[in-house]
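Down below is the structure, laid out as structure tokens.
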Amino acid sequence: MRLILLRIFALARKELLALLRDPASRAVLIGPPLIQLLVFGYAATFDLKHVPFVVYNQDQGQLSREFIARFTGSPSFELLRMVHSQRDLQRAIDDESALMAMDIGSDFSADLQRGSTAHVQLIFDGRDSNTAGLAIGYAQSIVMKFNDVEASLRKKKAGSTILLDRAWFNSNLESRWFIVPGICGILALLVSMLTTGLSVAREREMGTFDQLLVTPMRPSEILLGKMLPGFLVGSAEGSLIIFIAIYWFQVPFTGSFFALYLGLLFFLLSTVGVGLMISSLAVTQQQGLLGVFLFMVPAIVLSGFATPIANMPQAVQYITLIDPLRYFLVILRRCFLEGAGVSLLWGQYWPLIVIGIVTLIVAGRLFRRRLG
Amino acid sequence: MDAIVVSNLSKTFGKGELRRVALRDISLTLAAGTMTALIGPDGAGKTTLLRLLAGILTADAGQVCVLGHTLPQQALALQSRIGYMPQRFGLYEDLTVEENLELFASLHNMPAATRESRYAELLTMTALGPFRKRQAGQLSGGMKQKLGLACTLIHPPELLLLDEASVGVDPISRRELWSIIHRQVVSEKVTVLLSTAYMDEAERCDHVLLLHEGEILAQGSPAELASRFAGHAFRLRAAAASLRHLQAQLAQLPAVVDAAIQGDGLRIVMQKAEAPVLEGELAALGTPEVIPSRLEDAFVGLLFSRGPRSRAPLSPHAQAADADEVMVEVKDLYRYFGSFAAVKDVSFSVRRGEIFGLLGANGAGKSTTFRMLCGLLPASSGSLCIAKVDLRKATAAGRAKIGYVSQKFSLYGALSVQQNLSFFASAYGLASERRKLRIAWALEELELKRYATMNAGSLPLGYKQRLALACALMHEPSILFLDEPTSGVDPLARREFWARVNSLAESGTTCLVTTHFMEEAEYCDRLVLMSLGEVLAQGTPAEIKERVRRPDLPTPSMEDAFIALIEEHEQSSRRAS
Numbered sequence: 001m002r003l004i005l006l007r008i009f010a011l012a013r014k015e016l017l018a019l020l021r022d023p024a025s026r027a028v029l030i031g032p033p034l035i036q037l038l039v040f041g042y043a044a045t046f047d048l049k050h051v052p053f054v055v056y057n058q059d060q061g062q063l064s065r066e067f068i069a070r071f072t073g074s075p076s077f078e079l080l081r082m083v084h085s086q087r088d089l090q091r092a093i094d095d096e097s098a099l100m101a102m103d104i105g106s107d108f109s110a111d112l113q114r115g116s117t118a119h120v121q122l123i124f125d126g127r128d129s130n131t132a133g134l135a136i137g138y139a140q141s142i143v144m145k146f147n148d149v150e151a152s153l154r155k156k157k158a159g160s161t162i163l164l165d166r167a168w169f170n171s172n173l174e175s176r177w178f179i180v181p182g183i184c185g186i187l188a189l190l191v192s193m194l195t196t197g198l199s200v201a202r203e204r205e206m207g208t209f210d211q212l213l214v215t216p217m218r219p220s221e222i223l224l225g226k227m228l229p230g231f232l233v234g235s236a237e238g239s240l241i242i243f244i245a246i247y248w249f250q251v252p253f254t255g256s257f258f259a260l261y262l263g264l265l266f267f268l269l270s271t272v273g274v275g276l277m278i279s280s281l282a283v284t285q286q287q288g289l290l291g292v293f294l295f296m297v298p299a300i301v302l303s304g305f306a307t308p309i310a311n312m313p314q315a316v317q318y319i320t321l322i323d324p325l326r327y328f329l330v331i332l333r334r335c336f337l338e339g340a341g342v343s344l345l346w347g348q349y350w351p352l353i354v355i356g357i358v359t360l361i362v363a364g365r366l367f368r369r370r371l372g
Numbered sequence: 001m002d003a004i005v006v007s008n009l010s011k012t013f014g015k016g017e018l019r020r021v022a023l024r025d026i027s028l029t030l031a032a033g034t035m036t037a038l039i040g041p042d043g044a045g046k047t048t049l050l051r052l053l054a055g056i057l058t059a060d061a062g063q064v065c066v067l068g069h070t071l072p073q074q075a076l077a078l079q080s081r082i083g084y085m086p087q088r089f090g091l092y093e094d095l096t097v098e099e100n101l102e103l104f105a106s107l108h109n110m111p112a113a114t115r116e117s118r119y120a121e122l123l124t125m126t127a128l129g130p131f132r133k134r135q136a137g138q139l140s141g142g143m144k145q146k147l148g149l150a151c152t153l154i155h156p157p158e159l160l161l162l163d164e165a166s167v168g169v170d171p172i173s174r175r176e177l178w179s180i181i182h183r184q185v186v187s188e189k190v191t192v193l194l195s196t197a198y199m200d201e202a203e204r205c206d207h208v209l210l211l212h213e214g215e216i217l218a219q220g221s222p223a224e225l226a227s228r229f230a231g232h233a234f235r236l237r238a239a240a241a242s243l244r245h246l247q248a249q250l251a252q253l254p255a256v257v258d259a260a261i262q263g264d265g266l267r268i269v270m271q272k273a274e275a276p277v278l279e280g281e282l283a284a285l286g287t288p289e290v291i292p293s294r295l296e297d298a299f300v301g302l303l304f305s306r307g308p309r310s311r312a313p314l315s316p317h318a319q320a321a322d323a324d325e326v327m328v329e330v331k332d333l334y335r336y337f338g339s340f341a342a343v344k345d346v347s348f349s350v351r352r353g354e355i356f357g358l359l360g361a362n363g364a365g366k367s368t369t370f371r372m373l374c375g376l377l378p379a380s381s382g383s384l385c386i387a388k389v390d391l392r393k394a395t396a397a398g399r400a401k402i403g404y405v406s407q408k409f410s411l412y413g414a415l416s417v418q419q420n421l422s423f424f425a426s427a428y429g430l431a432s433e434r435r436k437l438r439i440a441w442a443l444e445e446l447e448l449k450r451y452a453t454m455n456a457g458s459l460p461l462g463y464k465q466r467l468a469l470a471c472a473l474m475h476e477p478s479i480l481f482l483d484e485p486t487s488g489v490d491p492l493a494r495r496e497f498w499a500r501v502n503s504l505a506e507s508g509t510t511c512l513v514t515t516h517f518m519e520e521a522e523y524c525d526r527l528v529l530m531s532l533g534e535v536l537a538q539g540t541p542a543e544i545k546e547r548v549r550r551p552d553l554p555t556p557s558m559e560d561a562f563i564a565l566i567e568e569h570e571q572s573s574r575r576a577s
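Sequences listed follow chains A and B, in order.
So the first sequence is numbered by full-length UniProt numbering: it starts at 1 and just counts up by one.
So the second sequence is numbered by full-length UniProt numbering: it starts at 1 and just counts up by one.
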């Protein structure tokens, strides 16, 4: 038993040394993840700010100017210029200089003062549907506020209901709080898969795999020895990003570290399993790399990292059930924002354990068959 | 007319501590239409010189003029007139033989009209015609080299630069390669410069350059170089049984440059033209007779004068010395890949302390047999016993008793020498004290101390081979498998290697070895000769040579025997099918 452990640790140590002593693979483990963290942390945001818009105001009254001021005063919108014809309005959208065009009719103020409904036309650039949708949402809430204030000033609708909204766990709805913990999952996935997914193929290419197989090490020992570096590198990378998320991006961490690291452990079990499965199938490093990306890209898209799983078609939602990242993202977000502990997260832990065990068994089988 | 004129050429690689001088102030002139061999130990600068002459590397200092083009300025113009074949020729393994030729023809802008006739010519010359549609990756090692040469010759070059074209190639393919190259010189008047580790190849050239640590140590015609050592070479007859033991004793004598087993005696090269003074056991054998010197004597002798290398044999392992114990037993072994039988009905047995050779052409089934013996490949049928362990039942237990040195000296390139040793020690389950002892043993005995912290990937080839041997010996195996352990290694390093293997065998380690060097086959106690998956001949080197002795060939060499037996077998099996 002691000998077996000795052999496994020697192999794990060898793998780590091979990774860290080679400048190229060292760079791959450290550089790209940090770049991704910065790119996602700073550039990727769902919040829309400074939407450029133009206004064609045919109304001479006070109220239309107040209406426009509500938009220019909001951080979400920025007035580009006033235009003076329907044609200019159209051109501003056509040449993409403005994302929104506002057309206020000539009797806007008069209608409102009479107490009847006034009409404003808002035109959005629908070529980027996602941004347009968000801008529409912002515009609607501004219009609603304008209506409320107008109504209360005129005391037309005394005692009307006022909507008080409050978002729990992220009261300012900062999308960075949502994205940065997610990156921890993606990057832990990336490095643990790269570490394990290429390791067998690399040895096959170098011819050292035969050398390894003629030692008394059993296939299961080789498999274990190759798993350990994936865990170590994955959890080191994960910890680094958790640290940066808390101290650099100032994402509040309200839950238990124990629950988070238990989740990370189970998550790495499943990704290392998938990595080794790919590794036992791949004959060359190129195939291994292709396999890793063939798995990673759908795993990220289907994880709910950027788009909610609930919005996906039902059939696709079933597929997400075998995506380990899906569960780990929930663990991350709940630990960070909701303050969840171990007891609340069992529903996420057990699927990860199942995926890990199944993939490792398959990897072991494939591994043994490849030897034959 | 001079094809190559080089003066005061220097080239260094790396900076600071890693700075390494590859070529130091080299000047040489090669006449057009001649054939020149470049020989020298590993790391002497042979490849660097060839690459500089091909215009794919730029010199630090000095003038290079090839075929009238000044390098590096006119490299492009030159490259359309020469053929350069690097050590690992870049064949496209997924393309067929024909597609590879097609590709290289296009790269050289060959007019479509002349292509077909040139392909036909090259395919006939290389005997690759029947394999036109086969993927290059599916060819044997010898055929790949021939295809590489064909691609190099696709547009008839005026100068041919070949970097170890025959490494890892069996004697038959080597002879074919050589005849193709020779034909280029004789009928096409091509100038050839080739580097080689085979002294018999160098002997067939007009001119030989001996390179050592980036300098030209000697040059001249092979006969001229050999004559410098006339009177240094001796032959000592001895009974076959104790040759290895005698050889080790002789090699220890201070005035002896080289002692090698050859046929039923020993071939000795002395530092001076004086007969060796023999004492004790050796004196009883009689007086050594003077024999003609060879180019190889000059190679070994000249390098010996530049600082003798160590030939200290390994200190013996503690092994039970029951000499008749059978260590490897192979019976009726078969291995199929699909319906193709790679190994057919192979049987042999090896006793403790024997050096047993597996010889055969590329693709004869040697490697497949080897892999089965090491437990890397299951046998289709038959029985395999290693040190009394049935490999079909207990592979892990069998593996603990063997050491394996593969063709490519498989080491972890990013790990240091020390880390490689330490990993393999642990992989073989050595713990604490024993592990420390064995690592210290390896660093000491194989003289790796100086390189202990260097990455295994940047070691010179000879040291890689030593490290691979050290890793395979970590656990003091009772059986050692050596798969082409000397391929591409220079004659000196090869001698050192065999001295080590001999002392291992003396102390009771059983050694199985494959090799393409026929003189190394002479070092084996017994050997099998394989062809097309079958055993053709089995026995001592003398017995095998005896089989091809004819009135017109009274003293056949091992190579003669190899080629005669294999060609005979291939012809008869072709007739049968």
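Yeah, the Cβ is synthetic: ideal placement off N, Cα and C, and Gly gets one too.
**Study point:** Residues that A:R154 bridges to, as DSSP identifies them
**Key:** Residue mapping note: residue 154 of chain A aligns to position 154 of the first sequence, counting from 1. DSSP lists no partner for A:R154.
Check your understanding: Smallest Cα separation from A:E203: which of A:T254, A:A282, A:I183 and A:G339?
Key -> Here residue 203 of chain A corresponds to residue number 203 of the first sequence, with the count starting at 1. Among A:T254, A:A282, A:I183 and A:G339, the Cα nearest to that of A:E203 is on A:A282.
Practice item. Leaving out five residues on either side along the sequence, give the residues of the same chain with a beta carbon under 7 Å from the beta carbon of B:P86. Key: Within the second sequence, the letter at position 86 stands for residue 86 of chain B. Only D163 meet the Cβ criterion.
Practice item. Give me the Cβ distance between A:G197 and A:V292, rounded to the nearest whole Å; I'm assuming they're in contact under 8 Å. Key: Within the first sequence, numbered from 1, the residue matching residue 197 of chain A stands at position 197. Within the first sequence, numbered from 1, the residue matching residue 292 of chain A stands at position 292. At roughly 4 Å, the Cβ-Cβ gap stays under 8 Å, so A:G197 and A:V292 are in contact.
**Study point:** Exposure label - A:W346; buried when at least 16 CB within 10 Å
**Key:** If you number the first sequence from 1, residue 346 of chain A lands on position 346. Per the 10 Å Cβ criterion, exposed.
Practice item. Verify whether the separation of the beta carbon atoms of A:Q62 and A:S109 is less than 8 Å. Key: Here residue 62 of chain A is taken as the residue at index 62 of the first sequence, counted from 1. Here residue 109 of chain A is taken as the residue at index 109 of the first sequence, counted from 1. Yes. Within cutoff.
Exercise for review: Would you kindly check if the distance between the Cβ of B:C511 and the Cβ of B:L529 is under 8 Å?
Suggested key: Translated into the one-based positions of the second sequence, residue 529 of chain B becomes position 529. Translated into the one-based positions of the second sequence, residue 511 of chain B becomes position 511. It is not a contact, given that the beta carbons lie outside the stated cut-off.
**Study point:** Of the residues B:E534, B:A22 and B:L78, the one placed nearest B:F340, counting alpha carbons only
**Key:** The residue you call residue 340 of chain B lines up with position 340 of the second sequence. The option with the nearest alpha carbon to B:F340 is B:E534.
Review point. Looking only at C-alpha atoms, which of A:G207, A:L276 and A:I179 sits nearest to A:I300?
Key: Locating residue 300 of chain A in the first sequence gives position 300, counting from the first residue. That would be A:I179, whose Cα lies nearest to the Cα of A:I300.
Check your understanding: Is it right to say A:A158 is buried, meaning 16 or more other beta carbons lie within 10 angstroms of its own, or is it exposed?
Key -> Translated into the one-based positions of the first sequence, residue 158 of chain A becomes position 158. Note that A:A158 scores 44 on pLDDT, short of 50, meaning its location in the model is unreliable; the coordinates nonetheless yield the value given after this. That one is exposed.
Point to revise | Status (buried if at least 16 other CB within 10 Å, exposed otherwise) for B:A259 | key: Counted from its first residue, the second sequence places residue 259 of chain B at position 259. Its Cβ being crowded by 16 or more others within 10 Å, B:A259 is buried.
Exercise for review: Let me know if A:S160 comes out buried or exposed under the rule of 16 or more other beta-carbons within 10 Å of its beta-carbon.
Suggested key: What you label residue 160 of chain A is simply residue 160 of the first sequence in a count that begins at 1. Here the model assigns A:S160 a pLDDT of 48, short of 50, so the residue's position is not dependable and the matter cannot be decided.
Exercise for review: Helix, strand or coil for B:T514, going by three-state DSSP, please let me know.
Suggested key: Position 514 of the second sequence, counting from 1, holds the residue named residue 514 of chain B. Three-state DSSP puts B:T514 in a strand.
Exercise for review: Determine the direct distance from the alpha carbon of B:L161 to that of B:V190, and round the result to whole angstroms.
Suggested key: Within the second sequence, numbered from 1, the residue matching residue 190 of chain B stands at position 190. Within the second sequence, numbered from 1, the residue matching residue 161 of chain B stands at position 161. So the alpha carbons of these two residues sit roughly 10 Å apart.
Check your understanding: By the criterion of Cβ-Cβ separation under 9 Å, what are the contact partners of B:R399 in chain A?
Key -> Working through the second sequence from its first residue, we reach residue 399 of chain B at position 399. By Cβ distance, chain A contributes L213, V214, T215, P216 and M217.
Check your understanding: Which word fits B:E496, buried or exposed, when buried means at least 16 other C-beta atoms lie within 10 angstroms of its C-beta?
Key -> The count along the second sequence starts at 1 and reaches residue 496 of chain B at position 496. Buried is the call here.
Check your understanding: Taking 8 Å as the CB-CB cut-off, is B:L415 touching chain A?
Key -> Here residue 415 of chain B is taken as the residue at index 415 of the second sequence, counted from 1. Yes, its Cβ sits closer than 8 Å to a Cβ of chain A.
Review point. CA-CA distance, residue 587 of chain B and B:L459?
Key: Not covered by the structure: residue 587 of chain B. The range shown for chain B is 1 to 577.
Exercise for review: Examine chain A for any beta-carbon lying closer than 8 Å to the beta-carbon of B:Q419, and answer yes or no.
Suggested key: In the second sequence, counting from the first residue as 1, residue 419 of chain B sits at position 419. It does: the Cβ of B:Q419 has a partner Cβ on chain A nearer than 8 Å.
Exercise for review: Counting only the same chain and skipping the five closest in sequence on each side, list residues whose C-beta sits under 7 Å from that of B:R228.
Suggested key: Taking the first residue of the second sequence as position 1, residue 228 of chain B is located at position 228. A298, listed in sequence order.
Check your understanding: Terminal residues of the continuous alpha helix (DSSP H) containing B:C374?
Key -> Here the question's residue 374 of chain B lines up with position 374 in the second sequence. No alpha helix (DSSP H) contains B:C374, which DSSP labels as neither H nor E.
Check your understanding: For B:L76, which option in B:L67, B:T555 and B:G55 has the closest C-alpha, if you only look at C-alpha atoms?
Key -> Here residue 76 of chain B corresponds to residue number 76 of the second sequence, with the count starting at 1. Ranking the options by Cα distance to B:L76, first place goes to B:G55.
Practice item. Hey, could you find the ends of the alpha helix (DSSP H) A:D111 is sitting in? Key: Translated into the one-based positions of the first sequence, residue 111 of chain A becomes position 111. Looking at the DSSP string, the run of the alpha helix (DSSP H) that includes A:D111 is F108 to R114.
Point to revise | Where B:C205 sits in the DSSP three-state scheme | key: Stepping through the second sequence from its first residue, residue 205 of chain B is reached at position 205. Coil at B:C205, not helix or strand.
**Study point:** B:V256 versus B:E274: straight-line alpha-carbon distance, rounded
**Key:** Locating residue 256 of chain B in the second sequence gives position 256, where the first residue counts as 1. Locating residue 274 of chain B in the second sequence gives position 274, where the first residue counts as 1. Whole-angstrom Cα-Cα distance: 10 Å.
Check your understanding: Looking at the structure shown, is A:I309 part of a helix, part of a strand, or coil, going by DSSP?
Key -> Numbered from 1 along the first sequence, position 309 holds the residue referred to as residue 309 of chain A. Helix, per DSSP.
Check your understanding: In chain E, which residues lie with their C-beta within 9 Å of the C-beta of B:I402?
Key -> Annotation note: the requested chain E is absent from the structure, which comprises protein chains A and B.
Exercise for review: Examine chain B for any beta-carbon lying closer than 8 Å to the beta-carbon of A:G197, and answer yes or no.
Suggested key: The residue labelled residue 197 of chain A in the question sits at position 197 within the first sequence. Taking Cβ atoms only, chain B never reaches closer than 8 Å to A:G197, which makes this a no.
Check your understanding: In angstroms, rounded to a whole number, what distance separates the CA positions of A:M193 and B:Y334?
Key -> As a working note, residue 193 of chain A is residue 193 in the first sequence. As a working note, residue 334 of chain B is residue 334 in the second sequence. Taking the straight line joining both Cα atoms gives about 40 Å.
Review point. In angstroms, rounded to a whole number, what distance separates the CA positions of A:R218 and B:L295?
Key: Mapped onto the first sequence, residue 218 of chain A falls at position 218. Mapped onto the second sequence, residue 295 of chain B falls at position 295. A:R218 and B:L295: Cα-Cα distance of roughly 49 Å.
**Study point:** B:T126, DSSP secondary structure in three states
**Key:** In the second sequence, residue 126 of chain B corresponds to position 126, counting from 1. Of the three classes helix, strand and coil, the one that applies to B:T126 here is helix, per DSSP.
Review point. Terminal residues of the continuous alpha helix (DSSP H) containing B:A259?
Key: To locate residue 259 of chain B, count along the second sequence from 1; it is residue 259. Run containing B:A259: none in the alpha helix (DSSP H); it sits in the beta strand (DSSP E), V256 to Q262.
Exercise for review: Taking only the alpha-carbon atoms, compute the straight-line gap between A:P52 and A:T45 and give it to the nearest angstrom.
Suggested key: Here residue 52 of chain A corresponds to residue number 52 of the first sequence, with the count starting at 1. Here residue 45 of chain A corresponds to residue number 45 of the first sequence, with the count starting at 1. So the two alpha carbons sit approximately 18 Å from each other.
Review point. When you compare only the Cα positions, how much space is there between B:R24 and B:L194?
Key: Here the question's residue 24 of chain B lines up with position 24 in the second sequence. Here the question's residue 194 of chain B lines up with position 194 in the second sequence. Near 20 Å, if we compare the C-alpha coordinates of B:L194 and B:R24.
Check your understanding: Does any CB atom of chain B fall closer than 8 Å to the CB of A:K226?
Key -> Taking the first residue of the first sequence as position 1, residue 226 of chain A is located at position 226. It does not; no Cβ of chain B falls within 8 Å.
Review point. Are there 16 or more other CB atoms within 10 angstroms of the CB of A:M1, so buried, or fewer, so exposed?
Key: Here residue 1 of chain A corresponds to residue number 1 of the first sequence, with the count starting at 1. Exposed, by the Cβ-count rule.
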